Amino acid sequence: MAESSGFFPSFNGDRRYFTSFFAEYFADFIGNGIYPNPSTQCQVLANNDMTVTLKPGNAYINGYRYKNDSDKSLSIKTADGVLKRIDRIVLRHTILNREIKAYVKKGAFASIPVAPTLQRDADMWELGIADIYIANGAVSISQANITDLRLNNDYCGIVHGAIDQVDTTTIFNQFQAWYLETTNQAAADIATMLSAFQSGFNTWFAGVQDTLSGDVAGNLLNKINDLIARMTAVEADIIVHTTAIALIENRKINDFRKMRMGGI
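Number 219 in this note's numbering belongs to position 141 of the sequence shown; there are no gaps in the numbering.
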């Protein structure tokens, strides 16, 4: 393999350098990824339909620069009626086409889907920006369906110098672990609440099922009439007992008066 070096002054074209030489030179001390500021660089946002928006931003792939200066809309393919899918938003450096552009890399349909792998070889190099979860029968994408990959060095990462100053993968993984733990706990709590509610409802319904069977209106009317009859009977008993008590009290008062008069 021949030796190469540069950059030196060119006399009569004897020191010409290809763009690939410059790219290799810069790639030695500038790492791949997106630029860190602002934090929305190349962020993928949901539009609550079957499209997502790639925000403006800059990226760097193997010595070549990418720039998106305005919101870019990316379409998501139609969902399957039964199976799920994960698409991946990538920035793709295509050697043959001499360009870096954003693409939606469609995943395979599956009951437990996985995102498509990144291609990184002599023909193409991809940065993974975000994963899009497409549920079966989905007609829109929400922000909750988007996993941001920009801080994960395995897929993208932040542009850095010759020394890798910050490995954001740990931060990304920690956040993902917290998010999954929180959402799983919330789902478990909701399931417990629903189970308790269902059990309570079943118990209550079993208690009134006989009453509500058949002619519901008629049964309820019979129950109401039965309660009215019972209340009427109780009221009558109260009146009888109250009258009896009043008579007894009157007798006591009269007897007391007679005793007083006899004593005088």
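C-beta: ideal position from N, C-alpha, C; glycine also. Since this is a predicted model, take the numbers as computed values, not measurements.
Practice problem: Could you spell out where the beta strand (DSSP E) holding G135 opens and where it closes? | Solution: Element bounds for G135: G135 to I139.
Quiz item: Does the Cβ-Cβ distance between P194 and D232 come in under 9 Å?
Solution: In this structure, D232 does not lie closer than 9 Å to P194 by Cβ.
Quiz prompt | Cα-Cα separation between N230 and R94, rounded to whole angstroms | solution = Near 38 Å, if we compare the C-alpha coordinates of R94 and N230.
Quiz item: How many angstroms separate the CA atom of E177 from the CA atom of Y142?
Solution: Separation of E177 and Y142 (C-alpha to C-alpha, rounded to the nearest whole angstrom) is 9 Å.
Quiz item: Are at least three pairs of beta-carbons, each pair with one atom in the segment 190-206 and one in the segment 150-160, less than 8 Å apart?
Solution: These segments do not touch.
Quiz item: Quick one: what does DSSP say Y113 is sitting in, helix, strand or coil?
Solution: When secondary structure is reduced to three states using DSSP, Y113 falls in the coil class, being assigned neither helix nor strand.
Quiz item: Helix, strand or coil: which one does DSSP assign to I342?
Solution: Confidence at I342 is low in this model, with a pLDDT of 46, below 50, so the placement of that residue is unreliable and no value is reported for it.
Quiz prompt | Residues bridged to K183 [DSSP beta-bridge criterion] | solution = According to the DSSP secondary-structure assignment, K183 is paired through a beta bridge with R166.
Quiz item: Around the Cβ of F89, are there at least 16 other Cβ atoms within 10 angstroms (buried) or fewer (exposed)?
Solution: Burial state of F89 is exposed, judged by a 10 Å Cβ sphere holding fewer than 16 other Cβ atoms.
Quiz item: Count the other CB atoms within 10 Å of the CB of E204; is the residue buried (16 or more) or exposed (fewer)?
Solution: E204 sits buried, since 16 or more C-beta atoms from the chains shown fall within 10 Å of its C-beta.
Self-check item: Neighbourhood of I161 by C-beta, 8 Å cutoff - its chain only, sequence neighbours within 5 removed
Solution: In the sequence under discussion, the amino acid at residue 161 is Leu, which differs from the Ile named in the question. Answer for L161: F187, A188, S189, P191 and N214, listed in chain order.
Practice problem: Return the residue from the list E259, I112, G91 and A80 that minimises the CA-CA distance to H238. | Solution: It is I112.
Quiz prompt | Continuous beta strand (DSSP E) stretch holding E204: start and end | solution = E204 -> beta strand (DSSP E) spans M202 to I212.
Quiz item: Just how far apart, CA to CA, sit E313 and S277?
Solution: Rounded to the nearest angstrom, the two C-alpha atoms are 39 Å apart.
Self-check item: Exposed unless 16 or more other CB atoms sit within 10 angstroms - verdict on K179
Solution: Taking all protein chains shown into account, K179 has fewer than 16 neighbouring C-beta atoms within 10 Å of its C-beta and is therefore exposed.
Quiz item: Excluding sequence positions up to five away, which residues of its chain have a Cβ less than 6 Å from the Cβ of D127?
Solution: Excluding residues within five positions, the ones whose Cβ falls inside 6 Å are S218.
Quiz prompt | Residues bridged to V122 (per DSSP) | solution = V122 is bridged by DSSP to L132.
Quiz item: Taking the continuous beta strand (DSSP E) assigned at S153, which residues delimit it?
Solution: Run containing S153: K150 to S153, per the beta strand (DSSP E) assignment.
Practice problem: Return yes when at least one heavy atom of the ligand SAM lies under 8 Å from the C-beta of K150, else no. | Solution: As far as ligands go, the structure on display features none, and thus does not contain the ligand SAM.
Quiz item: How many Å lie between S148 and Q119 at the Cα?
Solution: When only Cα atoms are considered, S148 and Q119 end up about 11 Å apart.
Quiz item: Once you ignore the five residues that flank I342 on each side, which residues in its own chain have a CB closer than 7 Å to its CB?
Solution: With a pLDDT of only 46 at I342, under 50, the local geometry of the prediction cannot be trusted, and no value is derived from it.
Quiz item: Helix or strand or just coil, what does DSSP make of Y257?
Solution: Judged by DSSP in its simplified three-state form, Y257 adopts helix.
Quiz item: Measuring CA to CA, which of L169, T172 and I210 is closest to G185?
Solution: Measuring from the Cα of G185, the nearest candidate turns out to be I210.
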